[in-house]
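Start counting the sequence shown at 4; every next residue gets the next number (the working numbering). Structure first, then comments.
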Amino acid sequence: MFEIKILNKEKYINIIHRLETKIFTDPWSKKMIKTEFNNKLALILGVVNTKNKELVGYSFLFNIFDEIHINNIAVKKDFRNKGLGKKQLEYIIKYGIENNFSRITLEVRESNTPAINLYKTYDFKLLSKRKDYYTNPKEDALVLVKNLKENKKI
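Structural data, given as structure tokens:
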């Protein structure tokens, strides 16, 4: 069993950094993660295994006026294909609707077909493309948006 919870303690910095380096080819530094924890506009979610309290996934969100921007959604490799990315996304959408945000935006690697398909399932639409947005390897980003005012379904 897994639960999503808001992480507001800096004790997670090292844990998240270890996961970042295992999950992403261009991981965030500890300093970047710490900055997010200290940013009043940021919201950090954790996916916790209720059996052993292990952090197995996380999301970094940024509130920009009436918009939520998803900086990243991550799931530890051993826990993929268990619906945990989907569970995080559903939590974010519900949070956005309940708190009267108008939309959710994010960037995703153009080659990340599983993530793109997940976002399409939740009615995210292509807004634009950012050339060479990602490094290591260099790749374009698709900018996706979900309008929460028109489409309140999760």
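Note that the Cβ used here is the ideal one computed from N, Cα and C, for glycine as well.
- Item | Cβ pair Gly60, Lys37 closer than 8 Å | No, these two residues do not count as a Cβ contact at 8 Å.
- Task: Report yes if the C-beta distance between Val51 and Lys8 is below 8 Å; otherwise report no.
- Result: yes
- Query: Run through DSSP, which three-state label would Glu39 get?
  - Reply: helix
- Message: Could you pull the DSSP bridge partners for Arg133 from this structure?
- Response: Ala144
- Item | Nearest-angstrom Cα separation, counted from Ile119 out to Val111 | Going by the C-alpha atoms only, they are around 7 Å apart.
- By DSSP, does Glu57 sit in helix, in strand, or in coil? coil
- Task: Using alpha carbons as the reference points, say which of Asp135, Asn42, Leu87 and Glu57 lies closest to Ile18.
- Result: Glu57
- Message: Using C-beta distances below 7 Å, list every residue in its chain close to Pro30, excluding the 5 sequence neighbours before and after it, in chain order.
- Response: Taken in chain order, the residues that qualify are Glu23 and Thr24.
- For Lys152, three-class secondary structure by DSSP: coil
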